[in-house]
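Below is one structure, written out as structure tokens; comments come after it.
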Amino acid sequence: MNPYILAILLFGLGLGTTITFASSHWLLAWMGLEMNTLAIIPLMAQHHHPRAVEATTKYFLTQATAAAMLLFASVTNAWLSGQWDIQQMTHPLPTTIITLALALKIGLAPVHAWLPEVLQGLDLTVGLILSTWQKLAPFALILQINPTNSTILIILGLTSTLIGGWGGLNQTQLRKILAYSSIAHLGWMILVLQFSPSLTLLTLLTYFVMTFSTFLVFKLNKATTINTLATSWTKAPILTSLTPLILLSLGGLPPLTGFMPKWLILQELAKQDLALTATVAALSALLSLYFYLRLSYAMALTMSPNNLSGTTPWRLSSSQSTLPLAISTAMAICLLPLAPAATALLTP
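Just so you know, the sequence shown maps onto residues 1 to 348 in full-length UniProt numbering.
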């Protein structure tokens, strides 16, 4: 892609998110979300592969549906209450519709079906943008409206953690596994949103760091299936031994970074007398842990057989810059000791 066009598209992505962040009026927020969608579409379709085009079409249709729902709900809210302000959502009907529209935008279960399919059709770089940056603007809106209907949030959260765990169990494609992992993590964030928005933000940031690291590892190995991972030890042995730690951090095992948000969320849910919800969420994390362990096993604990369906990679050094990977890997593994500092910042 022409570097000028690429720069304009990335600038559009940044501007769309910034406009949504800065807006207090629903129309402006909607405009920011639309700019975001329109800027990423050429990036998704840039390889002119039928799968990429199909993924782009699916993405466009779901995002357009969600944007239309959002616009409809904000107009309804203005009609019922005379307010266009994002933080003045008083009526339950538009609040619920907007929560569902934003859930569709970020891919929460039960409106998640587009996310694995879309992510599977993209290359790893655009997949990384879709899994991280594209979640920011809708999340900012969810945090601002602070939905009052607690039942719908808990249902969305629990369904997402369970579907995110179950969906990834029988997958062999790494991008689909990462999509289900994304759904499960978003479920955790939504569960605790109404009780501690700052904790949701902390979970979102740790999820970004771990996902960034995972995508960069897969990109360095040019891996898209579990089979390809098995040959990575010849190319980058040290990275291959560190990757299971990143994956187990995504699964939420102590003493890794990913344990911190899960631990704090379970503690918060227990404080709110939601012991059953906390138990179901903790058990659903075991489902996710299974497929992270499966990836770790395939990558670091097996020697690849000779009759692989994937071709053995050339042992050439990659042209990819390794500094972002080094920083994000260190953060994805070592940040748990900062948990007391995080809790001190989270308590109002």
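Here a beta-carbon is modelled for each residue, glycine too, at the ideal position from N, C-alpha and C. Being a predicted model, the structure only gives us computed values, none of them experimental.
Contacts around residue i, its chain only, beta-carbon distance under 8 Å, and the 5 residues preceding and following it disregarded
{"i": "S150", "result": "Q194"}
{"i": "T302", "result": "A230"}
{"i": "P337", "result": "none"}
{"i": "A109", "result": "L156, T159, S160, L162, I163, G164, I183, G187"}
{"i": "I333", "result": "L242, L245, I246, S249, L256, T257"}
{"i": "A64", "result": "T37"}
{"i": "A78", "result": "W26, W84"}
Extent of the continuous alpha helix (DSSP H) to which residue i belongs
{"i": "W79", "result": "50–81"}
{"i": "Q134", "result": "133–145"}
{"i": "H47", "result": "Per DSSP, H47 belongs to no alpha helix (DSSP H) and is neither H nor E."}
{"i": "A285", "result": "275–300"}
{"i": "G121", "result": "From DSSP, G121 is part of no alpha helix (DSSP H); its letter is neither H nor E."}
{"i": "residue 364", "result": "A question about residue 364 goes unanswered here, because the residues of the chain that appear run from 1 up to 348."}
{"i": "G164", "result": "150–167"}
{"i": "T329", "result": "323–334"}
{"i": "P340", "result": "339–346"}
{"i": "S198", "result": "197–220"}
{"i": "G251", "result": "237–251"}
One or two residues paired with residue i in a DSSP bridge
{"i": "D85", "result": "H25"}
{"i": "Q267", "result": "Paired residue(s): none; Q267 is not in a bridge."}
{"i": "Q173", "result": "T225"}
C-alpha distance - residue i paired with residue j, whole-angstrom precision
{"i": "L202", "j": "P261", "result": "7 Å"}
{"i": "G32", "j": "L38", "result": "10 Å"}
{"i": "S318", "j": "M331", "result": "22 Å"}
{"i": "L6", "j": "L13", "result": "11 Å"}
{"i": "L289", "j": "A342", "result": "24 Å"}
{"i": "N170", "j": "L287", "result": "11 Å"}
{"i": "M189", "j": "I106", "result": "12 Å"}
{"i": "N36", "j": "L128", "result": "15 Å"}
{"i": "T234", "j": "L316", "result": "10 Å"}
{"i": "Y4", "j": "F11", "result": "10 Å"}
{"i": "L325", "j": "L253", "result": "21 Å"}
{"i": "Q320", "j": "V126", "result": "15 Å"}
{"i": "S24", "j": "T17", "result": "13 Å"}
{"i": "E117", "j": "A298", "result": "23 Å"}
Neighbourhood of residue i by C-beta distance below 6 Å, restricted to the same chain and skipping five residues each side
{"i": "L104", "result": "A66, V111"}
{"i": "Q267", "result": "none"}
{"i": "P197", "result": "L143"}
{"i": "L80", "result": "H91"}
{"i": "K135", "result": "I106"}
{"i": "S328", "result": "V209, F212, S213"}
{"i": "L335", "result": "T257"}
{"i": "A285", "result": "G252"}
{"i": "T76", "result": "P94"}
Chain-order list of residues whose beta-carbon lies under 7 Å from that of residue i (same chain, five-residue window excluded)
{"i": "Q46", "result": "M1"}
{"i": "L9", "result": "A39, P42, L43"}
{"i": "R51", "result": "G121"}
{"i": "A339", "result": "M260"}
{"i": "L15", "result": "M35"}
{"i": "Q272", "result": "F195"}
CB contact flag (residue i, residue j, <8 Å)
{"i": "S131", "j": "L178", "result": "yes"}
{"i": "T95", "j": "T148", "result": "yes"}
{"i": "I226", "j": "L115", "result": "no"}
{"i": "Y292", "j": "L220", "result": "no"}
{"i": "T243", "j": "V217", "result": "yes"}
{"i": "A300", "j": "T211", "result": "no"}
{"i": "L191", "j": "I98", "result": "no"}
{"i": "Y55", "j": "L158", "result": "Reading off the sequence, residue 55 comes out as Ala, not Tyr. No, the pair does not count as a contact, with Cβ atoms beyond the cut-off."}
{"i": "A281", "j": "T161", "result": "yes"}
{"i": "A137", "j": "G165", "result": "no"}
{"i": "L199", "j": "L346", "result": "yes"}
{"i": "L156", "j": "F215", "result": "no"}
{"i": "T277", "j": "L269", "result": "yes"}
{"i": "L71", "j": "W30", "result": "yes"}
{"i": "I86", "j": "W26", "result": "yes"}
{"i": "L245", "j": "G258", "result": "no"}
{"i": "A223", "j": "L174", "result": "yes"}
{"i": "L119", "j": "K58", "result": "no"}
{"i": "I19", "j": "M89", "result": "no"}
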